[in-house]
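Residue numbers are given in numbering that gives the first Met the number 0: position 267 of the sequence shown equals residue 266, and the series is strictly consecutive. In what follows, a single structure is set out as structure tokens and then discussed.
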Amino acid sequence: MDSSAPIGIFDSGVGGLTVMRKLIAQMPHENVVYFGDTARVPYGNKSKETVLRYTHQIIRFLQTKNVKAIIIACNTASAFALHEVEKAYPLPILGVIQPGAQAAVNASAAHQTSGNRIGVIGTYATIGSRAYETLIKKIDPESQVFNQACPLLVPFVEEGLLEDPLTDEIIARYLSGLKAQEIDTLVLGCTHYPLLRPAIERYMGAAVTCIDPAEAVSQQLQNVLETAGLLRQVGDAGAAPHYECYVSDAAEKMTEFANRILPFQIENVHKINIETY
Ligand code: DGL
């Protein structure tokens, strides 16, 4: 495997760009290929079988781009499919749940007043799978985990309502139960929620640490690539990194969202037929 090969990253849609943003901040020299399944989003209310089938198709597509590793940015796909796909392909495939769970346990343990009380928010599918809860309790059996599905937050983010009284109202509605449980740590277990972090932190208060699993998975991937000798060298030919974006529908929506949240402009978003992979 060539160290200048790109990292593949995918999501059910545009939300995974929050993970790509962290990945690029962590490893600014890496080439990246992003796929957003904009034709079939949302995954958060689909069955495990369906999300698993989609995940296999996307991994096969990313393999045609000769990626050296893959991050499943989507929490729902990580919860439903990582276990089945991680050993099925000859390259590292990482999901966001395990690194996010570990980061949450670490953050919770660092709280002075800690009762190891961790909240998790995500789609219906992620929360229903109990993937975060299972891993958090495996790492720290003393911890108490409080789950809350927040399905309406995804469309609010996609509408750009990041700072809006209506968003604050929905956040209060969803998170009041977790606040009453006096959690010390909150896992933002959905690609879109880091964009609501200021609003969520404002509602939960300074005593609660919010965890964005994207940071932990980027660090984990860096370690994996370093161990395998696969980090792209700064002196490699064509030093400026190359970013490619693919979608299964509505390329212009991806371009618009990407240019809103990424620290650079994305010009070419390519549309592909993912059903053929
Ligand atoms: N990307 C999904 C996740 O992180 C949220 C959007 C969806 O439901 O597909 O779970």
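Glycine is no exception: its CB is placed at the ideal position from the N, C-alpha and C atoms.
How many Å lie between Leu-174 and Leu-152 at the Cα? If you take the alpha carbons of Leu-174 and Leu-152, they lie about 11 angstroms apart.
Please state the DSSP three-state secondary structure of Leu-93. strand
For Asp-163, does the count of other Cβ atoms within 10 angstroms reach 16, so buried, or fall short, so exposed? exposed
So, is Gln-97 buried or exposed, given that buried needs 16 or more other C-beta atoms within 10 angstroms? buried
Candidates Val-31, Ile-71, Ser-107, Ser-2, of which the one nearest Gly-14 by Cα: Shortest Cα-Cα distance from Gly-14 to any of Val-31, Ile-71, Ser-107, Ser-2 involves Ile-71.
Note down, one range per segment and in chain order, each alpha helix (DSSP H) of at least 4 residues found wholly within the stretch 98–141. 123–128, 130–138
Beta-bridge pairing of Leu-185 - partner residues as DSSP gives them: Gly-118, Cys-209
Straight-line gap, Glu-29 to Ala-124 (C-alpha atoms, nearest Å): 31 angstroms
Please list the terminal residues of the continuous beta strand (DSSP E) segment that includes Phe-263. Careful: Phe-263 lies outside any beta strand (DSSP E) and carries neither H nor E.
CB contact flag (Gly-7, Val-40, <7 angstroms): Contact annotation: Gly-7 and Val-40 have beta-carbon atoms that are not nearer than 7 angstroms.
Which parts of the stretch 148–174 are runs of the alpha helix (DSSP H), unbroken and 4 residues or longer, counting only runs that do not cross its ends? 152–157
With DSSP as the reference, label Ala-68 as helix, strand or coil. strand
Check each candidate in Phe-9, Ser-46, Met-19 and name the one with the smallest Cα separation from Asp-36. Phe-9
Could you give the uninterrupted runs of the beta strand (DSSP E) lying entirely in the stretch 6–38, keeping only those of 3 residues or more? Whole beta strand (DSSP E) segments, 3+ residues: 6–10, 31–35.
For Cys-149, collect the residues of the same chain with a Cβ closer than 6 angstroms to its Cβ; drop the 5 residues on either side in sequence, then sort them by chain order. Ile-120, Tyr-173
Could you check if Asn-74 belongs to the surroundings of the ligand DGL, using beta carbon to heavy atom distance under 6 angstroms? yes
Can you check DSSP and say which residues form a bridge with Phe-60? The partner list for Phe-60 (beta bridge, DSSP) is empty, contrary to what the question assumes.
Starting from the C-beta of Lys-64, find all residues in its chain whose C-beta is less than 7 angstroms away, skip the five residues before and the five after it, and write them out in chain order. Pro-5, Gly-7, Val-32
On the premise that Leu-261 lies in contact with Leu-16, defined as a C-beta separation below 8 angstroms, what is that separation, rounded to the nearest angstrom? That pair is a contact at about 6 angstroms.
Nearer than 6 angstroms: is that true of the beta carbon of Val-18 relative to any heavy atom of the ligand DGL? no
With His-241 as the anchor, note down where its alpha helix (DSSP H) starts and where it stops. Run containing His-241: none; DSSP gives neither H nor E here.
Helix, strand or coil at Asn-146 [DSSP, three-state]: strand
Taking the alpha helix (DSSP H) that Val-84 belongs to, which residues open and close that run? 74–84
Less than 8 angstroms between the CB atoms is what I'm expecting for Ile-57 and Ile-273, so what's the real figure, rounded? 7 angstroms
6 angstroms Cβ shell around Gly-12 - same chain, five flanking residues per side excluded: Gly-35, Thr-37, Val-40
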